[in-house]
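> The structure is given below, and queries will be raised subsequently.
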Amino acid sequence: MATLRELSEITGYSITTISRVLNGDETLKVTENTRSMILEAAGKVDYPSKQNAGRKNGAGMHLKLGIVEMVTDQESEKDPYYLYVKNNVEKCCFENEIETFVMQYDEEEECYRSAVSRELDGILAIGQFREGQIAAMEKCTSRIVFLESAPFPEKFCSVMPDYEVGIRQGVEYLIAQGHRRIVFVGPEFSTDSTCRQAPELRRKIFSEYMKRREGDAEGLLMDAEWQGDDVAEQIMQYVKGIQEADELPTAFFTYNETTALGVFRALQIMGYRVPSDFSILGYNDTALATMMQPQLSGIRINIEEMVRQAVWLMQRMAKGNGEIPVRISVPATLVIRESVQKARVHERRKEG
0 MATLRELSEI
10 TGYSITTISR
20 VLNGDETLKV
30 TENTRSMILE
40 AAGKVDYPSK
50 QNAGRKNGAG
60 MHLKLGIVEM
70 VTDQESEKDP
80 YYLYVKNNVE
90 KCCFENEIET
100 FVMQYDEEEE
110 CYRSAVSREL
120 DGILAIGQFR
130 EGQIAAMEKC
140 TSRIVFLESA
150 PFPEKFCSVM
160 PDYEVGIRQG
170 VEYLIAQGHR
180 RIVFVGPEFS
190 TDSTCRQAPE
200 LRRKIFSEYM
210 KRREGDAEGL
220 LMDAEWQGDD
230 VAEQIMQYVK
240 GIQEADELPT
250 AFFTYNETTA
260 LGVFRALQIM
270 GYRVPSDFSI
280 LGYNDTALAT
290 MMQPQLSGIR
300 INIEEMVRQA
310 VWLMQRMAKG
320 NGEIPVRISV
330 PATLVIRESV
340 QKARVHERRK
350 EG
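Structure representation (structure tokens):
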């Protein structure tokens, strides 16, 4: 059992602050993040606070959940989407009195390890995983919920964003704004639910849906590796390669916000303005969208609802009600900000 001094060393907060948080002092002015961090640290080292007392006395089911991620810290810096997913998972678990433990994959031993050696009630896996990694999870527990992938649907529960709904909303919005030449910017291939290379799903849905809207608008495809630093250069080469002004697209629909940032940069370098010259519509809609100027319109993947559904599935299985695997698809939401406006007729910019 930890002491207040040990908790102070772990969290960096004073002994007085920690004591008042653990004893439910409502007069203490601290942020919810501070309060959550202290309570989470206390829960993981079994400090007997008033808030933890209800858990120990059986007030609600106290589950121990392993969190497995497909991305490294370096990868999450390139695309913050999965960082937002993980943060929402930890927040939702805390609110539901679920104790979480990060698990790391040992490539040599082909197994998952955790800093805390305890029996798990389940694993929540974020992203896509190889078959060998999935088998390693099964050695830890049979209760596994996948978030953002759906491998072996006959065996596992999963929660996925509905990309088809998102792409349809985006295309319909751009067409309603008068855009008749729309370019989807993103990779040609990505990984499927078991990390095999496959056609990128958002791009594939866009292409198929634009064929159904033939006559209303033209859908164009531009290959771009979204993690690379050369998206801006690719966009500039693409625009320069179009000979006639009336053949220029009026809108770019991007794979994610990192890609959108590259498009913004390219158009700015070329002397174009967003959205008066070109409109940009993004995907994912994390906090990065509001940091761009102009702020990025986009398709929001409803992360919080996906996480709530994943946690509910885990609780359902823990109660013995998860014999039949369930797959939940959560619709996306169109978020209108500043980067899209009515289409206009292009005039070719003079170079030099």
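Position 338 of the sequence shown, counted from 1, bears residue number 337 in numbering that gives the first Met the number 0, the numbering being contiguous throughout.
No residue lacks a Cβ here, since even glycine has one placed at the ideal position from N, Cα and C.
It should be emphasised that the depicted structure is a prediction, and the values quoted were computed from it without experimental measurement.
Distance, Cα to Cα, GLY53 vs LEU27?
Position 54 of the sequence shown, counted from the first residue, corresponds to residue 53. Position 28 of the sequence shown, counted from the first residue, corresponds to residue 27. Because the pLDDT at GLY53 is just 42, under 50, the model does not fix this residue reliably, and the value given afterwards should be weighed accordingly. Looking at the two C-alpha atoms, the distance is approximately 21 Å.
> Reducing DSSP to helix, strand and coil, say where SER296 ends up.
For the purposes of this step, residue 296 is taken as the residue at position 297 of the sequence shown. Strand.
> Between the alpha carbons of TYR83 and LEU247, how many angstroms are there, rounded?
Taking the sequence shown and counting its residues from 1, the one referred to as residue 83 is at position 84. Taking the sequence shown and counting its residues from 1, the one referred to as residue 247 is at position 248. Taking the straight line joining both Cα atoms gives about 35 Å.
> Starting from ALA197, follow the beta strand (DSSP E) in both directions and report where the run begins and ends.
Taking the first residue of the sequence shown as 1, we reach residue 197 at position 198. It spans 196-198 - the beta strand (DSSP E) in which ALA197 sits, taken as one unbroken run.
> Just to confirm my understanding: we take ASP72, look at its own chain, exclude 5 residues before and 5 after, and list those with CB closer than 7 Å. What are they?
Residue 72 sits at position 73 when you count from the first residue of the sequence shown. With a pLDDT of only 49 at ASP72, under 50, the local geometry of the prediction cannot be trusted, and the value read off the model is given with reservation. Here the set comprises nothing.
> Out of MET290, ALA342, MET235 and GLU68, state which residue places its alpha-carbon closest to the alpha-carbon of ASP245.
Here residue 245 refers to the residue found at position 246 when the sequence shown is read from its first residue. Out of MET290, ALA342, MET235 and GLU68, ALA342 has the C-alpha closest to the C-alpha of ASP245.
> In angstroms, rounded to a whole number, what distance separates the CA positions of ILE9 and TYR81?
The residue you call residue 9 lines up with position 10 of the sequence shown. The residue you call residue 81 lines up with position 82 of the sequence shown. Looking at the two C-alpha atoms, the distance is approximately 25 Å.
> Is the beta carbon of LEU123 closer than 7 Å to that of TYR162?
One-based indexing of the sequence shown puts residue 162 at position 163. One-based indexing of the sequence shown puts residue 123 at position 124. In this structure, LEU123 does not lie closer than 7 Å to TYR162 by Cβ.
> For ILE327 versus VAL158, is the C-beta distance shorter than 7 Å?
One-based indexing of the sequence shown puts residue 327 at position 328. One-based indexing of the sequence shown puts residue 158 at position 159. Cβ atoms of ILE327 and VAL158: closer than 7 Å.
> Residue ranges of each alpha helix (DSSP H) run of no fewer than 4 residues wholly in the segment 160-199, ordered along the chain?
As far as the segment 160-199 is concerned, its whole alpha helix (DSSP H) runs of at least 4 residues are 162-175.
> At what residues does the beta strand (DSSP E) containing MET313 begin and finish?
Along the sequence shown, one-based indexing puts residue 313 at 314. It is not in any beta strand (DSSP E) - MET313 instead sits in the alpha helix (DSSP H) that spans 302-317.
> Around the Cβ of GLY65, are there at least 16 other Cβ atoms within 10 angstroms (buried) or fewer (exposed)?
The count along the sequence shown starts at 1 and reaches residue 65 at position 66. That one is buried.
> Kindly confirm or deny that the segment 299-309 and the segment 86-97 touch, where touching means at least three C-beta pairs closer than 8 Å.
Contact between the segment 299-309 and the segment 86-97 is present, because at least three Cβ pairs lie under 8 Å.
> Return the residue from the list LEU260, SER192 and SER275 that minimises the CA-CA distance to MET290.
Start at 1 with the first residue of the sequence shown, and residue 290 comes out as number 291. With distances taken between Cα atoms, MET290 lies closest to LEU260.
> Enumerate, from N- to C-terminal direction, the unbroken beta strand (DSSP E) stretches of 3 or more residues contained entirely within the segment 88-130.
Counting only runs of 3 or more, we get 97-105, 110-113 and 121-125.
> Taking buried to mean at least 16 other C-beta atoms within 10 Å of its own C-beta, is GLY165 buried or exposed?
Here residue 165 refers to the residue found at position 166 of the sequence shown. It counts as buried.
> Name, in chain order, the residues that DSSP records as bridge partners for VAL334.
Start at 1 with the first residue of the sequence shown, and residue 334 comes out as number 335. The partner list for VAL334 (beta bridge, DSSP) reads GLY297.
> Can you tell me where the beta strand (DSSP E) holding THR253 begins and where it ends?
Reading the sequence shown from its first residue, position 254 is the one you call residue 253. Its beta strand (DSSP E) spans residues 250-253.
> Would you mind reading off the limits of the alpha helix (DSSP H) that contains LYS239?
Your numbering for residue 239 matches position 240 in the sequence shown. It spans 230-239 - the alpha helix (DSSP H) in which LYS239 sits, taken as one unbroken run.
> Are there 16 or more other CB atoms within 10 angstroms of the CB of GLU109, so buried, or fewer, so exposed?
Residue numbering aside, residue 109 sits at position 110 when the sequence shown is read from its first letter. GLU109 should be labelled exposed.
> By Cβ distance below 6 Å, which residues in the same chain neighbour THR193 in space, the five residues on each side in sequence not counted?
Locating residue 193 in the sequence shown gives position 194, counting from the first residue. Hits under 6 Å: GLU130 and PRO150.
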